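For the sequence shown, this note's numbering assigns the number 43 to the initial residue and increments by one for each residue that follows.
Have a look at the structure below before the remarks.
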Amino acid sequence: MKSYKSFIFESINFRPHSGKIVLRYSLDKELSFEETIMLPDDTLVPDIAKRDDIQAALFALHLIGGISYYKTFCPGKIEIKNGGLSKSEAQFWNTVYLNGLGQFFYENKLDFRNRINFPSSPTPTQTQTPRQSNQKRILVPIGGGKDSLVTIELLKKSGADITLLRVGPHPFIEQLAHDAGLPLLEIRRSLSPALFKLNEKGALNGHVPITAYISILSILVALLYDFDAVVMSDEASSDEGNIKFHGMDINHQWSKSLEFENMFRKYIKTSIGSNIEYFSLLRPFSELKIANLFSGFPKYFGEFTSCNINWKILASPSLPRNGGGAGGGGNRWCCACPKCASVFACLAAFLPREKLEMIFGAIPFENEALMSLYRELLGVSGHKPFECVGTADETKAAFLLAMRRGDLSGTPIMKMFIDEVLPAIKDQEKLIAEVLAIRPEHCIPDLFQKLIVL
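Listed below in structure tokens is the structure:
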């Protein structure tokens, strides 16, 4: 395929009267991309687009949105036609692109060193004056899995005015919002058709930091619709990487990490000019602790899913309200991917077999074909799968608790754990306690810290 020398951020077009945002990019001004975002309604006042913080948030959205198109050829030069960056802002975007595309670089065997260089202006960008926030109206992005549901249930205890946010329509999300009894804002994002055509022709493709995109879009929505806080559902486990490559820790979940959270919180205040709070309520918790909390909300058992394979399948009106196991188009769980395997192990620590089978439609521990996957999740072979899964210690603790329950003791996967992993665990109680402990590292405002003392 033809190569390109430069990736260009061309323009942003925001039409408040229709709620439409158009982001334009190009490669060498020859190959163009146009991404569209449709906001929930057309009630925005026309002058809102003139606000400095709205313009800054749109600019940030333009920059993060470009990552999907930049990666097709990863050209050596980056140009920005619709704005400028200070040195610190350019460094922020260098870091986001470098770490956010880490898995992409690894899987495509690309040397990322000195590849990404956002241009900066010798004159620093003027720091915006933050608008005030009182933290009363909260926006919560919801993805359909257990994490955001735990966030929702914890936030309800604060008495705050909570609204859910979803990018893209899906009946699963609508059902969960109904179960939660909360209003749902829906944003529709349409990637450029040119991207898919390029991918079909063999352009580079792979993982992008979608949580970074959702985070920046959420801040824009919060500014447009007068929310005071954006509350994420990113856990402590996301700080752990998967593998080393050219000296860098490659982390599938980097844009869910505390490092990104801290960086973006600063960017919101200094570059967007807003006092909107951005934080993860689940930062002090491990995946296993979140599963522990989620096991106390049975109303969601038949509705949630964390499976990225079956998540792509649109539900029909006759969609079964329980799991479904490997196969069928209406099922919520494939029971064969890393996410299914990890979530099952975590919930097996706290729920009886019959509940697990109701949720998943199958028992992954009975599937010998998952043996190598579970060895990776347990940290005894290979590397941590490139998915949003728990750490090896969390998975070991989950197996220990599931083993003590006893109702999965005869399964091939549990037998493997007992034979190969259990003998190397020197202090079971210490491991379990450490995994379930509440971490002190987080950005949760004082107003909400009482919600995590459990």
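The beta-carbon is built from N, C-alpha and C at its ideal position, and this holds for glycine as well.
This structure is a prediction, so every number in the text was calculated from the model and none was measured.
- The beta carbons of H249 and F490 sit about 31 Å from each other, so the pair does not count as a contact at 8 Å.
- Excluding sequence positions up to five before and after T78, its CB lies within less than 6 Å of the CB of V64 and S232, all in the same chain and listed in chain order.
- T85 is classed as exposed because its beta carbon has fewer than 16 other beta carbons within 10 Å across all chains shown.
- In this structure, DSSP gives A383 a helical state, which the three-state scheme calls helix.
- When C-alpha distances from R155 are compared across N409, L140, S162 and P161, the shortest belongs to L140.
- For M43, there is no enclosing beta strand (DSSP E), as DSSP marks it with neither H nor E.
- Per DSSP, D435 is one residue of the alpha helix (DSSP H) stretching across A434 to R447.
- Boundaries of the alpha helix (DSSP H) harbouring R307: L300 to Y309, taken from the DSSP string.
- Straight-line measurement puts the Cα of E345 at about 7 Å from the Cα of F214.
- A direct Cα-to-Cα measurement between F459 and L246 gives close to 38 Å.
- Per DSSP, R230 is one residue of the beta strand (DSSP E) stretching across L226 to S232.
- At least 9 Å separates the beta-carbon of E242 from that of M274.
- Rounded to the nearest angstrom, the gap between the Cα atoms of D270 and L81 is 18 Å.
- Just so you know, the alpha carbons of S60 and E216 end up roughly 23 Å apart.
- For Y255, the uninterrupted alpha helix (DSSP H) segment begins and ends at I252 to L266.
- In this structure K472 is exposed. Its beta-carbon is surrounded by fewer than 16 other beta-carbon atoms within 10 angstroms.
- Between the alpha carbons of L224 and S162 lies a gap of roughly 43 Å.
- Counting C-beta pairs closer than 8 Å gives three or more between the segment 191-208 and the segment 305-325, which meets the contact rule.
- DSSP lists V272 as the bridge partner or partners of Y320.
- Between Y416 and A390 the beta-carbon gap is near 12 Å, outside 8 Å, which marks them as no contact.
- Judged by DSSP in its simplified three-state form, D469 adopts coil rather than helix or strand.
- In the DSSP annotation of this structure, the continuous segment of the alpha helix (DSSP H) that includes E399 starts and ends at R395 to F402.
- According to the DSSP assignment, D291 belongs to the beta strand (DSSP E) that extends over M290 to I292.
- The DSSP-derived three-state label of K341 is helix.
- With respect to E329, V182 sits apart: the two C-beta atoms are not nearer than 9 Å.
- Counting only residues of its own chain and dropping the five nearest sequence neighbours on each side, L412 has a CB closer than 8 Å to the CB of A378, A383, P406 and I455.
- Per DSSP, S110 lies in no beta strand (DSSP E); the unbroken alpha helix (DSSP H) holding it starts and ends at I109 to Y112.
- DSSP places S48 in the strand class (E or B) of the three-state scheme.
- In its chain, beyond the 5 residues on either side, A202, D203 and D270 have a beta carbon closer than 8 Å to the beta carbon of K178.
- In this model, P211 and Y267 are separated by some 20 Å (Cα to Cα).
- Taking the Cβ atoms as the reference, N334 lies roughly 7 Å from L478, within the contact range of under 8 Å.
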